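End of the sequence shown sits at 152 in our numbering; the numbers just go up one at a time, nothing left out.
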Amino acid sequence: MMQRAQSGFTLIELMIVVAIIGILAAVAIPQYQDYVTRSKLSKVNVAVDPVKTAVAMFAQENAGVSTLGSNAWTSLGLASTGPSTTPEVSGITVTETTGAIVATLRGIGDPYNTTTVTYTPRVGETAVTWDVACSYTTAGTALNNLKKTFGC
């Protein structure tokens, strides 16, 4: 009697492959979600950069930022309504006396929504550097992402 050669996979082989794929997915999905969150947070810096440049130029040309006045946007040479919002930033404001830029986050997901990131200029003789502070009510991974992205 001739035996027929096995063709295809056995059930146990398929179950092992499914288990391996499940383990890989369990590791990859949280990492991917963390990556997406950090990329959204980095877009906040992109939205604020033009305002930081304008404040730095104003500070260098006017020996500081104390003369910004009541309409900081016009003094900075930007549109009087300020920069347009983005999916990640609900608003950007500039403090008249200190030149501090405050960006309010949105659309990133909890617990980041309504977190504010404040960029405060330190005007030196040859350069403007920025101190960054975040207002947050979170800890753990979310706090680490804020620290990695903004240094606060």
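We treat Cβ as the ideally placed atom computed from N, Cα and C, and that holds for glycine. The model shown is predicted, which means the values in this text are computed figures rather than measured ones.
Less than 7 angstroms divides the Cβ of threonine 118 from the Cβ of valine 102.
Residue pairing by DSSP places glycine 91 opposite Thr104 in a beta bridge. Residue pairing by DSSP puts valine 117 in a beta bridge opposite Ala103 and Cys134. The region 23 to 41 makes contact with the region 105 to 115: 3 or more CB pairs, one atom from each, lie closer than 8 angstroms.
Per the DSSP secondary-structure output, valine 65 pairs with nothing in a beta bridge. Arginine 4 is bridged by DSSP to nothing; it lacks a bridge partner. Taking the Cα positions, asparagine 71 is about 25 angstroms away from arginine 106.
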